[in-house]
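Student:
2 protein chains.
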Amino acid sequence: MSIDSVRALTFDVFGTVVDWRTSIIRQLREFGMKHGVDTDWETFADDWRYDGYIGGMGRVRKGELPFQRAGELHRLKLDALLSERGIEGIPGAEVSNLNRAWHRLDPWPDSVEGLQRLRKRFIVSTLSNGETRLLVDMAKFGGLEWDCVLSAETTGAYKPDPQCYRRAIEFLGCEPHEVMMVAAHKGDLKAAQGQGMQAAFIPRPHEPGPDRPVDLVPDPAFQLWADGLVELATKLGC
Amino acid sequence: MSIDSVRALTFDVFGTVVDWRTSIIRQLREFGMKHGVDTDWETFADDWRYDGYIGGMGRVRKGELPFQRAGELHRLKLDALLSERGIEGIPGAEVSNLNRAWHRLDPWPDSVEGLQRLRKRFIVSTLSNGETRLLVDMAKFGGLEWDCVLSAETTGAYKPDPQCYRRAIEFLGCEPHEVMMVAAHKGDLKAAQGQGMQAAFIPRPHEPGPDRPVDLVPDPAFQLWADGLVELATKLGC
Numbered sequence: 000m001s002i003d004s005v006r007a008l009t010f011d012v013f014g015t016v017v018d019w020r021t022s023i024i025r026q027l028r029e030f031g032m033k034h035g036v037d038t039d040w041e042t043f044a045d046d047w048r049y050d051g052y053i054g055g056m057g058r059v060r061k062g063e064l065p066f067q068r069a070g071e072l073h074r075l076k077l078d079a080l081l082s083e084r085g086i087e088g089i090p091g092a093e094v095s096n097l098n099r100a101w102h103r104l105d106p107w108p109d110s111v112e113g114l115q116r117l118r119k120r121f122i123v124s125t126l127s128n129g130e131t132r133l134l135v136d137m138a139k140f141g142g143l144e145w146d147c148v149l150s151a152e153t154t155g156a157y158k159p160d161p162q163c164y165r166r167a168i169e170f171l172g173c174e175p176h177e178v179m180m181v182a183a184h185k186g187d188l189k190a191a192q193g194q195g196m197q198a199a200f201i202p203r204p205h206e207p208g209p210d211r212p213v214d215l216v217p218d219p220a221f222q223l224w225a226d227g228l229v230e231l232a233t234k235l236g237c
Numbered sequence: 000m001s002i003d004s005v006r007a008l009t010f011d012v013f014g015t016v017v018d019w020r021t022s023i024i025r026q027l028r029e030f031g032m033k034h035g036v037d038t039d040w041e042t043f044a045d046d047w048r049y050d051g052y053i054g055g056m057g058r059v060r061k062g063e064l065p066f067q068r069a070g071e072l073h074r075l076k077l078d079a080l081l082s083e084r085g086i087e088g089i090p091g092a093e094v095s096n097l098n099r100a101w102h103r104l105d106p107w108p109d110s111v112e113g114l115q116r117l118r119k120r121f122i123v124s125t126l127s128n129g130e131t132r133l134l135v136d137m138a139k140f141g142g143l144e145w146d147c148v149l150s151a152e153t154t155g156a157y158k159p160d161p162q163c164y165r166r167a168i169e170f171l172g173c174e175p176h177e178v179m180m181v182a183a184h185k186g187d188l189k190a191a192q193g194q195g196m197q198a199a200f201i202p203r204p205h206e207p208g209p210d211r212p213v214d215l216v217p218d219p220a221f222q223l224w225a226d227g228l229v230e231l232a233t234k235l236g237c
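Shown next as structure tokens:
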């Protein structure tokens, strides 16, 4: 399998293209200042992400919850976290706006330029567990230029379910080896390879907080490794 | 229902954003020159479009054919037309390339600028019966900048089936009245309005050939009427 056959790149978004943690903590602090409430916003952000969103997707995949959009999983956990931490009496519209903090995440410094360069030669698409509207809002917020917005919502299954990758390959009108998954997370890449796709690993050492382990070791099973999307563009001849 | 509530615009593509007929006839003539074959390419283009594609979608909607992508309907009719007109012995890769002529359609002169302006204020999406890959290729070919590529393929139903509009509204995370369908074809707009969407009519007098009637009369049931996408942007305050 040669990287010369790649026609389309599908990107994991949270962590790979955008720095969700810094962006969410900043917006939580702004929310706290506005409403005169304080808590440990770093653990709030981590609980929201890892327990609420990733845990929620796990429950959907096990059949414990019906399929629902990321925004709905985020909201379930946000309501629980606010309640657990005794943050009460916030107007509903303000809570809804805080839930949409996930639509307003800053790209990593190399993301906008890297995607612009890659897009000249490849079809550049999201393949995220976030829903269409979230991804579209985030692209407009951060200046990310996608050719196509594919997600768990359009494919009907959360990654790493094989259906998510298979349906994305169909939408892109490609053979599996013509599509390269780009992600900071090895499980996502291995699942894509399981469906015949190629894989590019983008280590993001600052994605998780300081206390959470992050696997940065290149794996020879992946076709490419790059330190950010600008380097990925260079390695792909863009 | 006020146009001030519009957040997203969904565009019909063939005829509304791109001039399919001129583009297809030009590519058919190039194909004929290359392979030393000649026929009436104008009626070839019209049969391909109206009988093959639109007729094929009608058969899908009636349940006579299983759901399939526009490219597959185009190919079925292309093979039949070549055979009927005695054009034989063309290599398979050349026929496949000709079928992809629908991925290489020129925008109307106002389309690129109009979409650029509209995109600053609205979510700008396709809502076409063409499939994802066709729409992505066409956007890259013609310089059309979409926030989102929605189609019969992503919604699982061809327009004017209500499911196509309803699923698009869900993907856009909007209320129905927050989405405005933009089209040159009144049937598409009426079907969108039937699902609670708003409607903008863009008459395209040169879409069909000289012998085919085209309905250009504004209908007061539509929220907007504009002579092209630049004028639409102006009317929507962009």
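From first to last, the protein sequence lines stand for chains A and B.
Letter 219 of the first sequence, counting from 1, is numbered 218 in numbering that gives the first Met the number 0, and no numbers are missing.
Letter 84 of the second sequence, counting from 1, is numbered 83 in numbering that gives the first Met the number 0, and no numbers are missing.
Built from N, CA and C at the ideal position, the CB exists for glycine as well.
Quantities reported herein were computed from a predicted structural model and do not represent experimental measurements.
1. What does DSSP give as the partner residue(s) for phenylalanine 13 of chain A in the beta ladder?
2. Residues of chain B with a CB under 8 Å from the CB of valine 148 of chain A: which are they?
3. CA-CA distance, aspartate 109 of chain B and alanine 183 of chain B?
4. Going along the chain, which residues of the stretch 112-125 of chain B sit with their C-beta nearer than 7 Å to a C-beta in chain A?
5. Could you tell me whether the Cβ of alanine 138 of chain B comes closer than 8 Å to any Cβ of chain D?
6. Find the residues of chain A that neighbour valine 135 of chain B, judging by a C-beta separation of less than 7 Å, and give them in chain order.
7. What does DSSP give as the partner residue(s) for phenylalanine 263 of chain A in the beta ladder?
8. Compute the distance between the beta-carbons of valine 17 of chain A and tryptophan 107 of chain A, then report whether it is under 8 Å.
9. Using a Cβ-Cβ cutoff of less than 6 Å, which residues in the same chain neighbour phenylalanine 10 of chain A once the five nearest sequence positions on both sides are dropped?
10. Assess, as a yes-or-no matter, whether the stretch 85-93 of chain B is touched by the stretch 133-143 of chain B under the definition of 3 or more beta carbon pairs within less than 8 Å.
11. Any beta carbon from chain A within less than 8 Å of glycine 172 of chain B's own beta carbon?
12. Using a Cβ-Cβ distance under 8 Å, would arginine 132 of chain A count as near chain B?
13. Report whether the distance from the Cβ of valine 123 of chain A to the nearest heavy atom of the ligand COA is below 7 Å.
14. Ends of the alpha helix (DSSP H) at methionine 167 of chain B?
15. Mind checking glutamate 130 of chain A: buried by the 16 CB within 10 Å criterion, or exposed?
16. Reducing DSSP to helix, strand and coil, say where serine 127 of chain B ends up.
17. With 16 other CB atoms within 10 Å as the buried threshold, where does glutamate 83 of chain A fall?
18. With a cut-off of 8 Å on the beta carbons, I'd call glutamate 152 of chain A and arginine 68 of chain A a contact; round off their distance for me.
19. Name the residues in the stretch 151-179 of chain A whose C-beta lies less than 7 Å from a C-beta of chain B; which are they?
20. Give me the Cα-Cα distance between phenylalanine 200 of chain A and alanine 191 of chain A, rounded to the nearest whole angstrom.
21. Is the stretch 17-33 of chain B close to the stretch 97-107 of chain B, with three or more CB pairs under 8 Å?
22. If you reduce the DSSP assignment to three classes, tell me which class proline 212 of chain A lands in.
23. Among A:Asp3, A:Asn96, A:Leu8, whose alpha-carbon lies nearest the alpha-carbon of tryptophan 145 of chain A?
24. What does tryptophan 47 of chain B pair with, by DSSP beta-bridge criteria?
25. In the DSSP assignment, find the beta strand (DSSP E) that holds valine 181 of chain B and state where it starts and stops.
26. Expressed to the nearest angstrom, what Euclidean distance is found between the alpha-carbon atoms of valine 111 of chain B and methionine 32 of chain A?
27. Under a three-way DSSP split, which group does phenylalanine 121 of chain B fall into?
28. Using a 10 Å radius around the Cβ and a threshold of 16 neighbouring Cβ atoms, would you call lysine 119 of chain A buried or exposed?
29. Would you identify the three-state DSSP class for valine 238 of chain B, choosing helix, strand or coil?
30. Distance, Cα to Cα, glycine 57 of chain B vs aspartate 78 of chain A?
31. Could you say which of A:Pro159, A:Val229, A:Val123, A:His176 lies nearest to glutamine 197 of chain A if we only look at CA atoms?
32. Below 8 Å CB to CB, which residues in the same chain sit around valine 123 of chain A once its five sequence neighbours on both sides are set aside?
33. Are leucine 80 of chain A and aspartate 46 of chain A closer than 8 Å when you measure CB to CB?
34. What is the residue span of the beta strand (DSSP E) that glutamine 197 of chain A lies within?
35. Does the beta-carbon distance from alanine 100 of chain A to isoleucine 53 of chain A come in below 8 Å?
36. How close, in whole Å, do the beta carbons of glycine 51 of chain B and leucine 72 of chain B come, if the pair is a contact with beta carbons under 8 Å?
Tutor: This is what the structure gives:
1. Walking along the first sequence from the start, residue 13 of chain A turns up at place 14. Per DSSP, A:Val17.
2. As a working note, residue 148 of chain A is residue 149 in the first sequence. Here the neighbours are Asp146, Cys147, Val148.
3. Translated into the one-based positions of the second sequence, residue 109 of chain B becomes position 110. Translated into the one-based positions of the second sequence, residue 183 of chain B becomes position 184. A direct Cα-to-Cα measurement between aspartate 109 of chain B and alanine 183 of chain B gives close to 14 Å.
4. Those residues of the stretch 112-125 of chain B that come within reach of chain A (Cβ to Cβ, closer than 7 Å) are Ile122.
5. Among the protein chains in the structure shown, which are A and B, there is no chain D.
6. Numbered from its first residue, the second sequence carries residue 135 of chain B at position 136. Neighbours of valine 135 of chain B on chain A, chain order: Ile122, Asp146, Cys147.
7. No information on residue 263 of chain A is available, as it lies outside the stretch 0 to 237 that chain A covers here.
8. Within the first sequence, the letter at position 18 stands for residue 17 of chain A. Within the first sequence, the letter at position 108 stands for residue 107 of chain A. Their beta carbons are under 8 Å apart, which means valine 17 of chain A touches tryptophan 107 of chain A by this criterion.
9. For the purposes of this step, residue 10 of chain A is identified with residue 11 of the first sequence, where counting begins at 1. Only Val16, Thr125, Val181 meet the Cβ criterion.
10. With the cut-off at 8 Å, the stretch 133-143 of chain B and the stretch 85-93 of chain B do not touch.
11. For this step, residue 172 of chain B is matched to residue 173 along the second sequence. At least one CB of chain A lies nearer than 8 Å to the CB of glycine 172 of chain B.
12. Against the first sequence, residue 132 of chain A aligns to sequence position 133. Yes, arginine 132 of chain A lies at the interface with chain B (some Cβ there is under 8 Å from its Cβ).
13. You won't find the ligand COA in this model; it holds no ligand whatsoever.
14. For the purposes of this step, residue 167 of chain B is taken as the residue at position 168 of the second sequence. Going by the sequence as given, residue 167 of chain B is alanine instead of methionine. Per DSSP, alanine 167 of chain B belongs to the alpha helix (DSSP H) from 161-170.
15. Start at 1 with the first residue of the first sequence, and residue 130 of chain A comes out as number 131. Label assigned to glutamate 130 of chain A: buried.
16. As a position in the second sequence, residue 127 of chain B is number 128, starting the count at 1. In the structure shown, serine 127 of chain B sits in a strand (DSSP, three-state: E or B).
17. Counting from 1 along the first sequence, the entry for residue 83 of chain A is found at position 84. With fewer than 16 other Cβ atoms within 10 Å, it is exposed.
18. Along the first sequence, read from residue 1 onward, the residue named residue 152 of chain A stands at position 153. Along the first sequence, read from residue 1 onward, the residue named residue 68 of chain A stands at position 69. Cβ-Cβ separation between glutamate 152 of chain A and arginine 68 of chain A: approximately 6 Å, consistent with a contact (criterion under 8 Å).
19. Glu152, Thr153, Phe170, Leu171, Gly172: these are the residues of the stretch 151-179 of chain A whose beta carbon lies less than 7 Å from some beta carbon of chain B, given in chain order.
20. Residue numbering aside, residue 200 of chain A sits at position 201 when the first sequence is read from its first letter. Residue numbering aside, residue 191 of chain A sits at position 192 when the first sequence is read from its first letter. Looking at the two C-alpha atoms, the distance is approximately 12 Å.
21. These segments touch.
22. The count along the first sequence starts at 1 and reaches residue 212 of chain A at position 213. Proline 212 of chain A: coil per DSSP, three-state reduction.
23. Counted from its first residue, the first sequence places residue 145 of chain A at position 146. Minimum Cα distance to tryptophan 145 of chain A is reached at A:Leu8.
24. As a first step, residue 47 of chain B is located in the second sequence; it is residue number 48 there, counting from the start. The partner list for tryptophan 47 of chain B (beta bridge, DSSP) is empty, contrary to what the question assumes.
25. Position 182 of the second sequence, counting from 1, holds the residue named residue 181 of chain B. Note, valine 181 of chain B: beta strand (DSSP E), 178-182.
26. In the second sequence, counting from the first residue as 1, residue 111 of chain B sits at position 112. In the first sequence, counting from the first residue as 1, residue 32 of chain A sits at position 33. Distance from the CA atom of valine 111 of chain B to the CA atom of methionine 32 of chain A, rounded to whole angstroms, is 43 Å.
27. For this step, residue 121 of chain B is matched to residue 122 along the second sequence. In the three-state reduction of the DSSP assignment, phenylalanine 121 of chain B falls in the coil class, being assigned neither a helical nor a strand state.
28. Residue numbering aside, residue 119 of chain A sits at position 120 when the first sequence is read from its first letter. The C-beta of lysine 119 of chain A has fewer than 16 other C-beta atoms within 10 Å across all chains shown, which makes the residue exposed.
29. Coverage of chain B is limited to positions 0 through 237, which leaves residue 238 of chain B absent and any answer about it impossible.
30. Within the second sequence, the letter at position 58 stands for residue 57 of chain B. Within the first sequence, the letter at position 79 stands for residue 78 of chain A. Roughly 47 Å between the two C-alpha positions.
31. What you label residue 197 of chain A is simply residue 198 of the first sequence in a count that begins at 1. Cα-wise, what sits closest to glutamine 197 of chain A is A:His176.
32. Working through the first sequence from its first residue, we reach residue 123 of chain A at position 124. Take valine 123 of chain A, set aside five residues on each side of it, and the residues of its chain with a beta-carbon closer than 8 Å to its own are Ala7, Leu8, Phe10, Leu114, Leu117, Glu144, Trp145, Asp146, Cys147, in chain order.
33. Here residue 80 of chain A is taken as the residue at index 81 of the first sequence, counted from 1. Here residue 46 of chain A is taken as the residue at index 47 of the first sequence, counted from 1. In this structure, aspartate 46 of chain A lies closer than 8 Å to leucine 80 of chain A by Cβ.
34. Counting from one through the first sequence, the residue named residue 197 of chain A turns up at place 198. Residues 197-200.
35. As a position in the first sequence, residue 100 of chain A is number 101, starting the count at 1. As a position in the first sequence, residue 53 of chain A is number 54, starting the count at 1. Between alanine 100 of chain A and isoleucine 53 of chain A, the gap from beta carbon to beta carbon reaches 8 Å or more.
36. For the purposes of this step, residue 51 of chain B is taken as the residue at position 52 of the second sequence. For the purposes of this step, residue 72 of chain B is taken as the residue at position 73 of the second sequence. Indeed they touch by this definition, with Cβ atoms about 6 Å apart.
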